[in-house]
Amino acid sequence: MRWQDQGIVIAIRKYGDDQIIISIFTQKHGLKKGLAKYLKKTTHRLQIGDYVNVTWSSRLISNLGYFKYELIKSTLHHYIQDNLKTMCIAFFTFTLDQVLPENEENYTIYRCLDIFINSIQIKGINWQIKYLRLELTLLSELGFGLDLSRCAINNTDENLTFISPKTGKAISKTVGLPYKKNLLPLPQLLHDVYNNCAYKFSKTEFKSSLNVLEYFFKKHFLIKQNTILIKYREEIIKLIDLQD
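Quick note: the sequence shown, position 19, residue 18 per numbering that gives the first Met the number 0, numbers continuous.
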């Protein structure tokens, strides 16, 4: 079996002395892993976030298979000097590699990842908004989407202050106050990103939004069992705290 596609590199692992296992999130074939030659003498060593043209081949689609790739665009130099951007990319691509099913096209997630990667290359853009949308989209596309459009109890879209940890649905202030201890806070930024509203925010709101999403990532993707992902997430929060 053989196919060609375009995709984004999300994981690279050394395999033996002269091979690597690459995970590529492709436009038409979804996540695919394959072996490729490890080229020590090359002008560009493959990095996370690179865009590539790939040819995958194998006797069976269920086999690991082999990649031949051609670099389209390198993005490393756009984010490597910014630790927060680097950690966000590291966390999300590692998560994708862990939770996405192979051989299933998902252009919605692919497009959101593409938008985020391109946003971190533009000075002055609020890339944090693109990142939050990316995490919201992953939850939604894998069947665990939040509903922050209106209150799950009285259907109002005003004063949405809490989120039910069980359902992922918004709860209004009036309804939620008596049960505050059992609910998650709904940061204004997370509400705005979900509902495509105005995008003025503080680093505190960005951190609070990430903390809420982390709860659902742990709940649905078992991140608490993955020490690497926990470390990445903790580092993201620390880096936000260090910002001016």
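Ideal Cβ placement from N, Cα and C applies to all residues, glycine included.
| Item | Value |
| --- | --- |
| Just to confirm before moving on: does the CB-CB distance between R232 and F143 stay below 8 angstroms? | no |
| Using only alpha-carbon positions, find the residue among L59, V8, F93 that is nearest to M0. | L59 |
| What does I170 pair with, by DSSP beta-bridge criteria? | F161 |
| For the beta strand (DSSP E) containing K72, name the first residue and the last one. | 65-72 |
| Quick one: Cα of G64 to Cα of Y106, how far? | 22 angstroms |
| Select from I9, P184, F215, K179 the residue whose C-alpha is nearest the C-alpha of L141. | F215 |
| Confirm, please, whether the CB-CB distance from L212 to E134 is below 8 angstroms. | yes |
| Using alpha carbons as the reference points, say which of Q80, N102, T136, S73 lies closest to N117. | S73 |
| So what does T54 bridge to, in DSSP terms? | Q3, K67 |
| What separation, rounded to the nearest whole angstrom, lies between the Cα atoms of L137 and I108? | 6 angstroms |
| Could you round the C-beta distance between G48 and V8 to whole angstroms and report it? I think they count as a contact, below 8 angstroms. | 7 angstroms |
| Quick one, are the C-beta atoms of K31 and W55 less than 8 angstroms apart? | yes |
| Am I right that P164 and L189 are in contact with their C-beta atoms under 8 angstroms? What's the rounded C-beta distance? | Rounded, the Cβ-Cβ distance is 14 angstroms, inconsistent with contact. |
| When burial is assigned at 16 or more other CB atoms within 10 Å of the CB, is D191 buried or exposed? | buried |
| Tell me whether S201 is buried or exposed, calling it buried when 16 or more other Cβ atoms sit within 10 Å of its Cβ. | exposed |
| Under 8 angstroms by Cβ, that's how I've got I119 and K84 pegged, so tell me the actual separation to the nearest angstrom. | 5 angstroms |
| What three-state label does DSSP hand I19 in the structure shown? | strand |
| Within the continuous alpha helix (DSSP H) that includes K202, where are the two ends? | 202-220 |
| Would you please verify whether the beta carbon of S163 is less than 8 angstroms from any beta carbon of chain B? | Within the model displayed, chain B is absent; a lone protein chain is all it includes. |
| What separation, rounded to the nearest whole angstrom, lies between the Cα atoms of Q224 and F93? | 14 angstroms |
| What separation, rounded to the nearest whole angstrom, lies between the Cα atoms of P177 and S139? | 29 angstroms |
| Shortest alpha-carbon distance to F161 belongs to which of F220, L112, V174? | V174 |
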